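So the protein lines, in turn, are chains A and B.
Straight run, no breaks: the first sequence in the working numbering ends on number 140.
Straight run, no breaks: the second sequence in the working numbering ends on number 812.
Using N, Cα and C, we set each Cβ at its ideal position, and we do this for glycine too.
Note that the structure is a prediction, hence the values are computed from the model and not measured.
Below is one structure, written out as structure tokens, with a few remarks after it.
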Amino acid sequence: AQTVTQSQPEMSVQEAETVTLSCTYDTSESDYYLFWYKQPPSRQMILVIRQEAYKQQNATENRFSVNFQKAAKSFSLKISDSQLGDAAMYFCAYRSTPQGGSEKLVFGKGTKLTVNP
Amino acid sequence: DGGITQSPKYLFRKEGQNVTLSCEQNLNHDAMYWYRQDPGQGLRLIYYSQIVNDFQKGDIAEGYSVSREKKESFPLTVTSAQKNPTAFYLCASSSAPGQGHYGYTFGSGTRLTVV
Numbered sequence: 024a025q026t027v028t029q030s031q032p033e034m035s036v037q038e039a040e041t042v043t044l045s046c047t048y049d050t051s052e053s054d055y056y057l058f059w060y061k062q063p064p065s066r067q068m069i070l071v072i073r074q075e076a077y078k079q080q081n082a083t084e085n086r087f088s089v090n091f092q093k094a095a096k097s098f099s100l101k102i103s104d105s106q107l108g109d110a111a112m113y114f115c116a117y118r119s120t121p122q123g124g125s126e127k128l129v130f131g132k133g134t135k136l137t138v139n140p
Numbered sequence: 698d699g700g701i702t703q704s705p706k707y708l709f710r711k712e713g714q715n716v717t718l719s720c721e722q723n724l725n726h727d728a729m730y731w732y733r734q735d736p737g738q739g740l741r742l743i744y745y746s747q748i749v750n751d752f753q754k755g756d757i758a759e760g761y762s763v764s765r766e767k768k769e770s771f772p773l774t775v776t777s778a779q780k781n782p783t784a785f786y787l788c789a790s791s792s793a794p795g796q797g798h799y800g801y802t803f804g805s806g807t808r809l810t811v812v
């Protein structure tokens with residue numbers, strides 16, 4: 024079974040600076056999807072960014088980008104120019120392709136990000 | 698706009714009562730999920746359904762029940778057998794591969810408290 028590990032329970036960053044959240048996963052599959060979700064104090068889960076394993080190019084969404092290292096099974100999230108609104112719990116998640124058999128997202132335990140003014 | 702609606706936002710349950718949490722989606726998604734989240738914790742899967750009239754237990758199904766009579770609806774009942782039901786409950790749905798981002802779209806959650 025796949026597992027997702029977020030080794031940083033908490034992180035902090037100064038406003039306008041850059042922070043990187045770590046995520047590693049364990050799988051024997053060659054094709055899959057990876058996601059980062061944000062859960063602010065409102066507790067609404069919001070999709071931040073998505074990466075398809077067969078794509079070598081790292082995904083980017085405005086100030087959010089990933090460093091996807093397939094061989095190392097690493098999927099870190101970089102937040103540039105951090106804003107107060109970025110303060111949230113961030114979850115890394117893995118999903119097999121349908122051929123892989125699992126229809127469920129596998130979540131890490133989350134990293135709580137604090138943004139200091 | 699398409700999305701997932703969970704209701705109510707807050708729910709209070711007396712000891713021994715069954716309560717039902719509503720989850721409705723108009724995204725035309727086949728798959729739907731229920732998660733439980735305790736303070737400072739990650740998400741734990743309760744039940745999921747990949748198609749109408751079919752559902753599977755997740756990691757913590759004991760004390761919960763679900764139904765999936767319509768594609769749009771996936772209600773969760775918290776029964777009196779669930780000894781510690783106070784938690785935040787999230788419902789999600791998922792597009793099929795090749796449609797959308799293939800991740801989950803989440804509702805805004807229901808906060809259940811036992812009184």
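Here DSSP, grouped into helix, strand and coil, assigns A/Leu70 to strand. Contact residues of the stretch 54-75 of chain A toward chain B are Tyr56, Phe58, Arg66, Gln67, Met68, Leu70 and Arg73 (C-beta to C-beta distance below 7 Å). Neighbours of A/Gly133 across chain B, judged by C-beta separation under 9 Å: Gly737, Gln738, Gly739 and Leu740. In summary, A/Phe98 is buried, with 16 or more beta-carbon neighbours lying within 10 Å of its beta-carbon over all protein chains present. For A/Met34, same chain residues with a beta-carbon under 8 Å away, outside a window of 5 residues either side, are Val42, Leu44, Thr134, Lys135, Leu136 and Thr137 in chain order.
Taking the Cβ atoms as the reference, A/Phe87 lies roughly 16 Å from A/Leu107, outside the contact range of under 8 Å. Look at A/Leu107 here: in three-state DSSP terms it is helix. Counting only residues of its own chain and dropping the five nearest sequence neighbours on each side, B/Arg808 has a CB closer than 6 Å to the CB of Tyr707 and Phe785. Look at A/Lys127: its C-beta is under 8 Å from a C-beta on chain B. No Cβ of chain B is located within less than 8 Å of the beta carbon of A/Phe87. B/Arg710 has B/Val811 as its beta-bridge partners, per DSSP. B/Glu712 has its alpha-carbon roughly 14 Å from the corresponding atom of B/Thr774.
The C-alpha of A/Val27 lies about 10 Å from the C-alpha of A/Arg118.
Per the C-alpha coordinates, the member of A/Leu70, A/Pro64, A/Gln79 and A/Tyr60 positioned closest to A/Ser53 is A/Gln79. C-alpha of A/Ser65 to C-alpha of A/Leu57: approximately 24 Å in a straight line.
Bounds of any beta strand (DSSP E) do not take in A/Arg86, whose DSSP letter is neither H nor E. In chain order, Asp727 and Ala728 place their CB closer than 7 Å to the CB of B/Gln747, counting only its own chain and leaving out the 5 sequence neighbours on each side.
B/Arg741: member of the beta strand (DSSP E) spanning Leu740 to Ile748, first to last residue. Between the alpha carbons of B/Arg765 and B/Thr702 lies a distance of about 16 Å. A check of alpha carbon separations from B/Cys720 across B/Gln734, B/Gln714, B/Ser790 and B/Ile757 identifies B/Ser790 as the nearest. Within 9 Å of the CB of B/His798, the CB atoms of chain A belong to Tyr56, Phe58, Leu70 and Arg73, in sequence order along the chain.
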